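Chemist: Sequential numbering from 1 applies to the sequence shown in full-length UniProt numbering. C-beta: ideal position from N, C-alpha, C; glycine also. Remember, it's a predicted structure, so these values are computed and weren't measured experimentally.
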Amino acid sequence: MGRITEILTNRYHELVDWRAKSPHIPFVQRLRHFTWSWFAVTMATGGIGLVIGTLPYRFYGLNTIGKIVYILDIFLLALFCSLMIARFIIYHDTFMGSWRHFQEKFFIATCLLSFSTFIDMFAVYAKPSTGEWMVWVIRIYYYIYIAVTFLYGIFAYYTVFRDHVFTLETAAPSWILPIFPCMIGGVIAGAVLTTQPSPQMKNMVIVGIMFQGLGFWVYLMTFSVMLLRLFTVGFPAASERPAMFILTGPPGFTGLALINLARGAVATRPNIFRSPHSSEYFEFVSTFLAIFIWGLGAWIWCLCLVTLLAGIFSHAPMKFSNTWFALIFSNVGFVILTCRIGEEIDSKAFTLFGHIISVALCIVWLILMYLMIRAFLVNDIMYPGKDEDAKKPAETRTMAVEPERFGIPKDLSEHELDLASANRHATEDHRDQEPPTVATTRQ
């Protein structure tokens, strides 16, 4: 009992205590540390709006609550965009600095994902109350989003591979983020499909499948690296464990996209493929694959939940960061997919479970909003030395830029530099090689 009391006391001082632990500085100075991870707040808020708008069991006033969350999301996104622009204007070096930073560049994806929720909510809340012009707005917005996220997914990974060296010890769920906006293209297509005329609907189905597949395949490859990290290094620090829920997102969103795309195709019967019954075949295959993928998402969700609870009830310190909002958005797809599967197979158990975790998700969102406001006011975030921009990489790829640092002549060609680098690492590996062991016990 004494151990639990001690842990809860520590959590109170770390996450609830309103006494500031750092000296006050002007807001303009803090603005330099307004990093891209703040958009995880708007990303999560938009996700809550989607959950509220798509629940099968509804009551009077639920749509009104969803619209309030929608308006709050618009306000927060406008505020954060204004603050980010002000940051770049006042501190010119932060614009390219955020792109070059080994960690902050990953969170640019949260800004794109925040805008993605608007397309979904246009279809849920705006389209029924507006005219045909909203159909064009949704379509144009969607294809612009697809183009921008595809380019970001290419160049974000390119600069990461070119400029930084990562190891298993530094592997993080945030590595998946650059492909996340591309993957959400399939989810958006499924959400807005029924607002479009038949010819445009077919195009959206094809584009949605293509980008959903792109995101899911990249996720599987990155997820395998994360599993290897867990096997060889162990769990992340307690403060970083909420971000593990990012791994839950792709299976949930992929299954959700497949079911929604198939539903839209069956409802309006566009000739997606050559067969006249292709919509029915597509619905069967999509539902089968969604259930198939749901099992993976459920296993990851349970693993992340147990890991998080173990971290909370441990003596390890916990410090709030905006990455904790991964608890919300990444679970949105899993929650809605659970409800959709319940409808497709007529299972009250699935539907009820989906509603239970939906309510839990909304409660966690309220808690995180409180923790975010409190952390800002007590100088725990958006403060010098406490955000993503303060973290330093373990190693960067400087051999081609500073070859003399590695004992290599400066006048070598690029090919000769590559050979010298390979020989150097091979020599180090041979020198440091140890006899193999069967297994080691993690302390």
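1) Using 8 Å as the Cβ pair cut-off and three pairs as the minimum, do the segment 44-53 and the segment 362-371 touch?
2) Considering only their Cβ atoms, is the gap separating T323 from A109 smaller than 8 Å?
3) Within its chain, find whatever has a CB closer than 7 Å to the CB of E6; leave out the 5 residues flanking it on each side and keep chain order.
4) Could you check whether T35 and F107 sit closer than 8 Å to each other, using their CB atoms as the reference points?
5) Along the chain, where does the alpha helix (DSSP H) that runs through V51 open and close?
6) Which class does H355 belong to by DSSP, given the choice of helix, strand or coil?
7) Taking E240 as the reference, which of I300, S174, P197 has the closest Cα?
8) With DSSP collapsed to three states, give me the class of H315.
9) Across the segment 381-392 and the segment 89-109, are there enough close Cβ pairs to call them in contact, namely three or more that are closer than 8 Å?
10) Going by the beta-carbon positions, is the gap between A290 and I341 smaller than 8 Å?
11) Return helix, strand or coil for H24, following the three-state DSSP convention.
12) With distances taken from CA atoms, which of V148, Q196, Y157, L168 is nearest V137?
13) Under a Cβ-count criterion, where at least 16 other Cβ atoms within 10 Å of its own Cβ denotes burial, should F231 be classed as buried or exposed?
14) Within 10 angstroms of its Cβ, does E104 collect 16 or more other Cβ (buried), or is it exposed?
15) Whose CA, out of F329, S278, A316, lies closest to the CA of P251?
16) Just to confirm, is the Cβ distance from S278 to V51 under 8 Å?
17) Determine the DSSP secondary structure at H101, reduced to helix, strand or coil.
18) Can you give me the Cβ contacts of A86 inside the same chain, cut-off strictly under 7 Å, excluding the 5 residues immediately before and after it?
19) Can you give me the start and stop residues for the alpha helix (DSSP H) that N10 sits inside?
20) Inspect the CB distances between the segment 63-81 and the segment 347-358 and report whether three or more fall short of 8 Å.
21) Taking the alpha carbon of W217 as the reference point, which residue from F155, K202, F180 has its own alpha carbon closest?
22) Can the beta-carbon of F320 be found less than 8 Å from the beta-carbon of D380?
23) Any contact of the segment 141-152 with the segment 111-119, i.e. 3+ C-beta pairs under 8 Å?
24) Could you give the DSSP three-state label for Y370: helix, strand or coil?
25) Can you tell me whether A360 is buried or exposed? The criterion is at least 16 other CB atoms within 10 Å of its CB, across all chains shown.
26) Which same chain residues, not among the five before or five after C304, have their C-beta less than 8 Å away from its C-beta?
27) Within a Cβ cutoff of 6 Å, which residues of the same chain sit near H315, ignoring the five residues on either side of it in sequence?
28) Under the three-state reduction of DSSP, which class applies to W365: helix, strand or coil?
29) Which runs of the beta strand (DSSP E), 3 residues or longer, sit entirely within the segment 110-180?
30) Would you mind sorting Q212 into buried or exposed? The rule is 16 or more other CB atoms within 10 Å of its CB.
31) If you draw a straight line from the alpha carbon of N10 to that of T307, how long is it in whole angstroms?
32) Cβ atoms of M318 and L79: under 8 Å apart, would you say?
33) Distance check for I293 and S37, CA to CA, integer angstroms please.
34) Run the CB neighbour count on R3, radius 10 Å, all protein chains shown included, and call it buried at 16 or more, exposed below.
35) Determine whether the beta carbon atoms of L261 and A189 lie at a separation below 8 Å.
36) Hey, could you find the ends of the alpha helix (DSSP H) W217 is sitting in?
Modeler: According to the structure shown:
1) yes
2) no
3) none
4) A contact, by the Cβ cut-off of 8 Å.
5) 39-54
6) helix
7) S174
8) coil
9) yes
10) yes
11) coil
12) It is Q196.
13) exposed
14) By the neighbour-count rule (16 or more Cβ atoms within 10 Å), E104 is buried.
15) F329
16) no
17) coil
18) So the qualifying residues of the chain are L31.
19) 2-11 is the span of the alpha helix (DSSP H), which, as asked, contains N10.
20) no
21) F180
22) Here F320 is near D380, since their CB atoms are less than 8 Å apart.
23) yes
24) helix
25) exposed
26) R241, M244, F245, L247, T248
27) none
28) helix
29) none
30) buried
31) 19 Å
32) no
33) 28 Å
34) exposed
35) yes
36) Note, W217: alpha helix (DSSP H), 198-232.
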